[in-house]
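Student: Okay, handing you the structure first.
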Amino acid sequence: MLKPIHDQGDALLPTSTASLSASLNPQAATRARSTRRKLLKLSASVIGASSLAAPFVSRAQNKPIKIGMPTILSGRVAMLGISSSNAAKMEVEKFNAAGGLNGRPIELVIRDSKGQPQEAARVARELVTADGCELLLDAEASSGAFAVHEVARDLGVLVMHTNSETSALTADPKLRVPTAFRSARQGIHDAVVGGAYAAQVAKEKGLRRWMSVSPDYAYGRDTTAEFLEYLKYFNKDIEVTGQVWPKLFQADYSEIITRLLQGKPQAIYSALWGGDLTSFMDQANIYALFKDRQFFAVNMADYAVLTAVKSVPANLHSGNRYLRSFPNTAANHQWSDAYAAKFKELPLNWSWENAVGMQLLIAAMRKANSTDSKKMAEVLRGLSIDSPFGAEGKITMRAEDHTVINYAVGWGALATKEPYMANPVAGSWKQILELEAAWKKSKGWA
-18 MLKPIHDQGD
-8 ALLPTSTASL
2 SASLNPQAAT
12 RARSTRRKLL
22 KLSASVIGAS
32 SLAAPFVSRA
42 QNKPIKIGMP
52 TILSGRVAML
62 GISSSNAAKM
72 EVEKFNAAGG
82 LNGRPIELVI
92 RDSKGQPQEA
102 ARVARELVTA
112 DGCELLLDAE
122 ASSGAFAVHE
132 VARDLGVLVM
142 HTNSETSALT
152 ADPKLRVPTA
162 FRSARQGIHD
172 AVVGGAYAAQ
182 VAKEKGLRRW
192 MSVSPDYAYG
202 RDTTAEFLEY
212 LKYFNKDIEV
222 TGQVWPKLFQ
232 ADYSEIITRL
242 LQGKPQAIYS
252 ALWGGDLTSF
262 MDQANIYALF
272 KDRQFFAVNM
282 ADYAVLTAVK
292 SVPANLHSGN
302 RYLRSFPNTA
312 ANHQWSDAYA
322 AKFKELPLNW
332 SWENAVGMQL
342 LIAAMRKANS
352 TDSKKMAEVL
362 RGLSIDSPFG
372 AEGKITMRAE
382 DHTVINYAVG
392 WGALATKEPY
402 MANPVAGSWK
412 QILELEAAWK
422 KSKGWA
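Structural data, given as structure tokens:
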């Protein structure tokens, strides 16, 4: 009767047969012992390798998805970076709490560019090449965004521009990058809605003479030109009598205000923003610039500005930046309240733009089941997501030029207390898209 097999070193022979072989042939016994030792070593090495490999597989599966975020965290417009990163963090926390992507959480790596375009480019490049970030959430102002845009072109990394509203960034075909997208509102969209609104107010109040005061860089000049174009499109009687261009982050506006007073306009348009807008308004109030004049400031209806200006004047109009009451929906109220409860401050325009940017990145990586830039870019084109900031509850990343559409956009007269804009005039996306298409064609961008 055969005994049980002792080990694989006996070449799966029963003990009695192995012993018989050894007694009859000493050389065979030596070969058997040698074979047994080799097989035992091989078995141990296989078991050891598999046990060592398991932690590496686990670590690879749980490796964080690093997303780099260049933004402005210091200086007069530090509120841009703070509100942007706050909103992005909220979305990251929800994603990570839900298990991430196949167990991989997002790690948001935030860097301060200090509002300098060259620093924004350097920081963005280092986030990818040194810090190992797979994606970029670019929360720079327009000047820095154009610099980050070129870094994305060079490295082939996917970037979501969350704050730049300069239309050309995505509208101009010569500037487009296959892996670059914009979740911020676009200047041309606000210009169509603002131009139509202001033209109607001008007709009602007899405002013919206009001037503008906007920051002297791409966003300020482009946005102002677009607004005035549609102001005159909707009201042929408008006359622009002068334009002044303060420097970005300018401290003293006395000369600028003097020129506006000398021009004697009936209405003034401004694309100043953030700390520049609050500083300008506080100084302009001293000179009574707003007395008997209508002031149209596209960036005024934002909580940081409304609560920072020492004396909000009458005769003030603005585009919606971010207000809890616009869109006046339960979803928007809930998001606003959650943000305020978490950070002990009110959300801003940059907050919703960065929330949407991160939501789009998360939706794309889930749909692609990947963090590869090219795969995610393919998914992002034409992607629609549910959003509290949508005109009808959804926001879409337009495939043709990688920019968002269908977000809530409107203009209205401002008050000094909540809800600040009691009767906003919502823009029609049908009209926006029709006029935007004609505008692109006129610039050779269609």
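Read in my numbering, the sequence shown has 358 at position 377, and its numbers run on one by one without any break. Backbone N, C-alpha and C fix where the C-beta goes; we use that ideal spot for every residue, glycine too.
Mind reading off the beta-carbon distance from G49 to D112? Whole number of angstroms is fine, and I expect it under 8 Å.
Tutor: If you number the sequence shown from 1, residue 49 lands on position 68. If you number the sequence shown from 1, residue 112 lands on position 131. Contact flag correct, Cβ pair sits at about 6 Å.
Student: Indicate the three-state DSSP secondary structure (helix, strand or coil) for E399 in the structure shown.
Tutor: Along the sequence shown, one-based indexing puts residue 399 at 418. In this structure, E399 counts as coil in the three-state DSSP scheme.
Student: Helix or strand or just coil, what does DSSP make of G56?
Tutor: Mapped onto the sequence shown, residue 56 falls at position 75. Reduced to three states, the DSSP call for G56 is coil.
Student: In or out: N404 buried (at least 16 other Cβ within 10 Å) or exposed?
Tutor: Working through the sequence shown from its first residue, we reach residue 404 at position 423. With fewer than 16 Cβ atoms within 10 Å of its Cβ, N404 is classed as exposed.
Student: Give me the residue from H130, L327, I386 with the minimum Cα distance to Y303.
Tutor: Translated into positions along the sequence shown, residue 303 becomes position 322. Here the closest residue by C-alpha is L327.
Student: Once DSSP output is grouped into helix, strand and coil, what is the label at A79?
Tutor: By one-based count along the sequence shown, residue 79 stands at place 98. A79 falls in the coil class under three-state DSSP.
Student: So what's D197 in DSSP terms, helix, strand or just coil?
Tutor: For the purposes of this step, residue 197 is taken as the residue at position 216 of the sequence shown. DSSP places D197 in coil when its eight states are reduced to three.
Student: How is P86 classed by DSSP in three states: helix, strand or coil?
Tutor: To locate residue 86, count along the sequence shown from 1; it is residue 105. In the structure shown, P86 sits in coil (DSSP, three-state: anything other than H, G, I, E or B).
Student: Apart from the five residues just before and just after E88, which ones in its own chain have a Cβ nearer than 6 Å to its Cβ?
Tutor: As a first step, residue 88 is located in the sequence shown; it is residue number 107 there, counting from the start. If we look at E88 and ignore the five residues flanking it on each side, its Cβ neighbours are P45, K47.
Student: Go through its chain and collect everything with a Cβ distance to E417's Cβ below 8 Å, but skip five positions before and after it.
Tutor: Stepping through the sequence shown from its first residue, residue 417 is reached at position 436. Cβ within range, chain order: I169, H170, V173.
Student: Roughly how many angstroms separate the alpha carbons of S251 and V194, rounded to a whole number?
Tutor: Reading the sequence shown from its first residue, position 270 is the one you call residue 251. Reading the sequence shown from its first residue, position 213 is the one you call residue 194. Taking the straight line from one Cα to the other gives about 5 Å.
Student: Quickly, what does DSSP pair H298 with across the bridge? List them, please.
Tutor: Within the sequence shown, numbered from 1, the residue matching residue 298 stands at position 317. For H298, DSSP records a beta bridge to F277, A394.
Student: Taking all protein chains shown into account, decide if G81 is buried (16 or more other Cβ within 10 angstroms of its Cβ) or exposed.
Tutor: On the sequence shown, residue 81 is found 100 positions in, with the first residue counted as 1. Answer is buried; the Cβ neighbour count reaches 16.
Student: Relative to the C-alpha of M357, which candidate in D367, H383, K424 has its C-alpha closest?
Tutor: For the purposes of this step, residue 357 is taken as the residue at position 376 of the sequence shown. Ranking the options by Cα distance to M357, first place goes to H383.
Student: Count the other CB atoms, across all protein chains shown, that sit within 10 Å of the CB of K70; report buried if there are 16 or more and exposed otherwise.
Tutor: Stepping through the sequence shown from its first residue, residue 70 is reached at position 89. It counts as buried.
Student: In the stretch 213 to 301, which residue ranges form an unbroken beta strand (DSSP E) of at least 3 residues, counting only runs that do not cross its ends?
Tutor: 220 to 225, 248 to 251, 275 to 278
Student: Starting from R163, follow its DSSP beta bridges and name the residues at the other end.
Tutor: Taking the sequence shown and counting its residues from 1, the one referred to as residue 163 is at position 182. Bridge partners of R163: H142, T384.
Student: Straight-line CA distance for L428 to A183?
Tutor: No statement about residue 428 is possible, as the shown extent of the chain runs from -18 to 427 and does not include it.
Student: Which one of A128, R57, K217, E115 has the shortest CA to CA distance from E100?
Tutor: Along the sequence shown, read from residue 1 onward, the residue named residue 100 stands at position 119. Considering only alpha carbons, the answer is A128.
Student: When you compare only the Cα positions, how much space is there between N307 and K228?
Tutor: If you number the sequence shown from 1, residue 307 lands on position 326. If you number the sequence shown from 1, residue 228 lands on position 247. Per the sequence presented here, residue 307 reads as Phe, with Asn not at that position. Roughly 31 Å separates the two Cα atoms.
Student: From what residue to what residue does the alpha helix (DSSP H) around K325 run?
Tutor: As a first step, residue 325 is located in the sequence shown; it is residue number 344 there, counting from the start. Careful: K325 lies outside any alpha helix (DSSP H) and carries neither H nor E.
Student: Find out if the Cβ-Cβ distance for the pair L156, M141 is shorter than 7 Å.
Tutor: Your numbering for residue 156 matches position 175 in the sequence shown. Your numbering for residue 141 matches position 160 in the sequence shown. For L156 and M141, no; Cβs fall outside 7 Å.
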